[in-house]
Ligand SMILES: [Fe+2]
């Protein structure tokens with residue numbers, strides 16, 4: 001029987017015993033919290049895109065070989081407004097709501113251009129991020145929602161913009177062994193400049209009980225190569241000493257986004273892949289807080305998940321799941337999901353690629369600066385001093401879309417990587433952590 005992605009899911013707020021197949025070792029204990037879209041229609045209205053659905057939080061508590069499950073809808077402002085109106089009244093990335101009653105859209109365009117982004121949804125259905133001791137449901141807007149990790153109750157709405165100049169923030173965060181969190185956001189058209197910023201949120205609680213983001217510090221910034229078309233990114237890489245940021249030619253057109261409501265198109269339609277552009281790979285030294293001097297680039301690719309990154313003998317190695325275009329997002333329109341169910345789609349298949357960045361560019365023009373024996377990835381020095389990287393394909397066309405390793409555990413490990421991941425129905429982000437030590 002075909003799975004109906006557009007079907008509204010029931011929540012299970014009270015813990016229920018899950019059926020366990022096989023044996024869970026006694027030592028494995030804890031709670032896995034995930035979220036994803038769960039409600040796709042309200043009254044006569046429905047979302048266009050699977051990612052737009054109302055966030056449904058899930059928890060799986062594992063103890064003494066048994067698993068209990070519970071789920072609860074994230075009761076943010078968006079959820080409350082929609083359910084009270086019994087229709088979709090707040091726009092999402094792939095679905096524009098009309099009328100959107102809380103907004104004077106024309107004035108929003110003006111404020112947008114004078115450095116304030118429109119008031120986005122707080123339907124945080126992408127991922128869970130821990131800042132300090134607080135857990136948050138996140139999307140990629142400036143809003144996150146604190147949640148109770150035990151009851152899954154919705155708590156405070158947190159606005160990044162109160163603490164950092166970040167209009168949008170990537171879904172994925174890294175953690176170090178001390179519990180500090182590292183995230184990445186984009187500051188759009190502030191003082192005539194658009195830039196990416198990496199920021200650190202210290203682990204632990206603040207003594208005055210205020211939100212952990214109050215202690216956030218910008219680690220470094222990377223200038224965007226264009227003012228009004230910043231790259232979209234969903235994750236970044238981190239090793240012991242470096243951050244890896246891929247400035248890909250999958251771009252948000254800010255002017256088009258600002259006028260999307262008036263033109264009756266979705267914000268998602270303003271995100272475009274530019275195959276004629278290159279992909280810049282920024283390597284940032286965590287100690288100096290500056291980019292290394294070498295300019296790395298590769299051909300056009302679309303990346304959502306950076307899987308892993310580590311250092312090895314004077315190189316930074318990182319693995320990504322990449323596509324030749326943005327058809328992955330297109331595939332998840334609910335109408336298309338229905339059409340394509342069970343068919344071999346024409347959408348671009350993923351590749352897991354390994355890239356290697358040499359930390360030393362002393363070499364002849366035309367020389368491959370990668371000296372690692374176990375990879376065919378190359379980084380060739382060009383006349384102008386730039387370094388052209390070609391990735392090694394580790395895996396091609398398998399149904400893997402969403403994978404990441406736990407950076408706090410995998411840092412510096414030269415992993416021989418083999419992943420087989422698939423989208424878990426009902427959870428947009430099920431990350432399977434695999435380690436080959
Ligand atoms: Fe993700």
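Numbering (UniProt numbering), first residue to last: 1 to 437.
For each residue, glycine too, the CB sits at the ideal point set by N, CA and C.
All values derive from a computational prediction rather than experimental measurement.
*What number of angstroms, rounded off, separates the C-alpha of residue 118 from the C-alpha of residue 362?*
Residue placement at residue 118 is poorly supported in this model, since its pLDDT is 47, which falls under 50; the coordinates still yield a value, given next. Between residue 118 and residue 362, the alpha-carbon positions lie close to 47 Å from each other.
*asked:* Measuring alpha carbon to alpha carbon, tell me which residue in 240, 136, 225 is nearest residue 177.
replied: Shortest Cα-Cα distance from residue 177 to any of 240, 136, 225 involves 240.
*Could you tell me whether the segment 79-99 touches the segment 157-171, where touching means 3 or more Cβ pairs closer than 8 Å?*
Verdict: no, contact absent.
_Buried or exposed by the 16-neighbour rule on C-beta atoms within 10 Å, applied to residue 20_ = Per the 10 Å Cβ criterion, exposed.
_Rounded straight-line distance, which links the Cα of residue 154 to that of residue 38_ = Computed Cα separation, rounded: 16 Å.
*Taking only the alpha-carbon atoms, compute the straight-line gap between residue 355 and residue 325 and give it to the nearest angstrom.*
Linking residue 355 to residue 325 through their CA atoms gives a straight-line distance of about 19 Å.
*For residue 329 versus residue 271, is the C-beta distance shorter than 9 Å?*
Between residue 329 and residue 271, the C-beta spacing is below 9 Å.
*Report the rounded CA-to-CA distance for residue 381 versus residue 212, giving the unit in angstroms.*
Roughly 43 Å between the two C-alpha positions.
*asked:* Considering Cα atoms alone, identify which of 69, 218, 58 is closest to residue 147.
replied: Nearest to residue 147 by C-alpha distance, out of 69, 218, 58, is 58.
*Note down the Cα distance separating residue 247 from residue 64, rounded to an integer number of angstroms.*
Cα to Cα, the separation comes out at about 45 Å.
*Considering only residues of the same chain and omitting the five flanking positions on each side of residue 191, which have a CB-CB separation below 6 Å?*
Hits under 6 Å: none found.
*Could you give the DSSP three-state label for residue 19: helix, strand or coil?*
Looking at residue 19 - three-state DSSP - the assignment turns out to be coil, as it is neither helix nor strand.
*Rounded to a whole number of angstroms, what is the C-alpha to C-alpha distance between residue 174 and residue 129?*
Spanning the two alpha carbons is a distance of roughly 9 Å.
*Give a single yes or no on whether residue 235 has its beta carbon closer than 8 Å to a heavy atom of ligand 1.*
Because some heavy atom of ligand 1 lies under 8 Å away, the Cβ of residue 235 counts as near it: yes.
_residue 9 versus residue 296: straight-line alpha-carbon distance, rounded_ = Computed Cα separation, rounded: 45 Å.
*Span separating the alpha-carbon of residue 390 from that of residue 396*: So the alpha carbons of these two residues sit roughly 15 Å apart.
_Cβ-heavy atom distance, residue 127 to ligand 1, below 8 Å_ = At least one heavy atom of ligand 1 is nearer than 8 Å to the Cβ of residue 127, so yes.
*Out of curiosity, what's the CA-to-CA distance linking residue 201 and residue 243?*
Looking at the two C-alpha atoms, the distance is approximately 15 Å.
*Drop a sphere of 10 angstroms on the beta-carbon of residue 2, count the other beta-carbons inside from all chains shown, and report buried for 16 or more, exposed for fewer.*
Burial call: exposed.
*Could you pull out every residue in the same chain whose Cβ sits closer than 6 Å to the Cβ of residue 205, ignoring the five residues on either side in sequence?*
Excluding positions up to five away in sequence, the list reads 132, 133.
*Report whether the distance from the Cβ of residue 183 to the nearest heavy atom of ligand 1 is below 8 Å.*
Exclusion of residue 183 from the 8 Å shell around ligand 1 follows from its C-beta lying no nearer than that to any non-hydrogen atom of the ligand.
*Considering residue 66, what are the terminal residues of the beta strand (DSSP E) in which it resides?*
Judged by DSSP secondary structure, residue 66 falls within the beta strand (DSSP E) whose first and last residues are 66-73.
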